[in-house]
Amino acid sequence: MRFLFNLWNHNELGQLSIQDVMSAIGRQLEALGHTAEWSNDGLYTASRTCNLVVEGFAPPHVQQMKACRDAGGKIIIIASEEPTDKGFNHGILSDMVRRQAIFPAAAQNSDAIWYLVPGTGDWYGQFGKPAAFINLGYSPGMLRKNRSEER
733 MRFLFNLWNH NELGQLSIQD VMSAIGRQLE ALGHTAEWSN DGLYTASRTC
783 NLVVEGFAPP HVQQMKACRD AGGKIIIIAS EEPTDKGFNH GILSDMVRRQ
833 AIFPAAAQNS DAIWYLVPGT GDWYGQFGKP AAFINLGYSP GMLRKNRSEE
883 R
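Mapped onto the working numbering, the consecutive letters of the sequence shown carry residue numbers 733 to 883.
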């Protein structure tokens, strides 16, 4: 399966802030025999391709997700925030309140949700989509060559 990390719904700073998470998940997928690629050109509808999008949606993103799925595309949301009664991450920022409020609409336009915060499965699983905890652990692709060996 081809997994396409697509951060079209994040600004440049947001994209930079989640690079490590995307890299870890991508290397884990590759270790399982899948292909992991990155593109911010919008959602893909090709068969055997699954869009991986990180939570952080506005209404236009939800509309694009719906259009993608209506055209046969597959979308998995990677949820990196902690949902609370006050909004994501205890609603410390107003943007986190807004993001949690729109999440149910995005979830309805996805195929599954992978969540990163332990203990949040009941919340992420309430939207009728499969929800699973994804642990960011070791995979061989994460190893870097020893620079002294390269000289």
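Using N, Cα and C, we set each Cβ at its ideal position, and we do this for glycine too.
Residue(s) in a DSSP beta bridge with W770: F737
Since V794 is in the alpha helix (DSSP H), which residue starts that stretch and which ends it? 791 to 802
Run through the DSSP bridge pairs and tell me what L784 is partnered with. F737, I808
What are the boundary residues of the alpha helix (DSSP H) that includes I757? Run containing I757: 751 to 763, per the alpha helix (DSSP H) assignment.
On the CB-based measure, 16 or more other CB atoms within 10 Å of its CB, does R883 come out buried or exposed? Note that R883 scores 47 on pLDDT, short of 50, meaning its location in the model is unreliable and no value can be drawn from it.
Name, in chain order, the residues that DSSP records as bridge partners for A844. Partner(s): I808.
By a C-beta neighbour count over all protein chains shown, 10 Å radius and 16 as the cutoff for buried, is Q832 buried or exposed? buried
Reduced DSSP secondary structure (H/G/I, E/B, other) of A778: Coil.
Run of the beta strand (DSSP E) containing F865, from where it starts to where it stops: 863 to 865
Please report the residue range of the alpha helix (DSSP H) in which H854 lies. The question names His, yet the displayed sequence has Asp at residue 854. Element bounds for D854: 853 to 856.
Return helix, strand or coil for L825, following the three-state DSSP convention. coil
If you run the structure through DSSP and keep just helix, strand and coil, what is L875? Residue state, collapsed to three classes: coil.
Where H822 falls, given that 16 or more other Cβ within 10 Å makes a residue buried: exposed
Taking 8 Å as the threshold (C-beta atoms), are M733 and C782 in contact? yes
Which residue from F735, I750, G804, Y847 puts its Cα closest to that of E814? It is Y847 whose Cα lies nearest to the Cα of E814.
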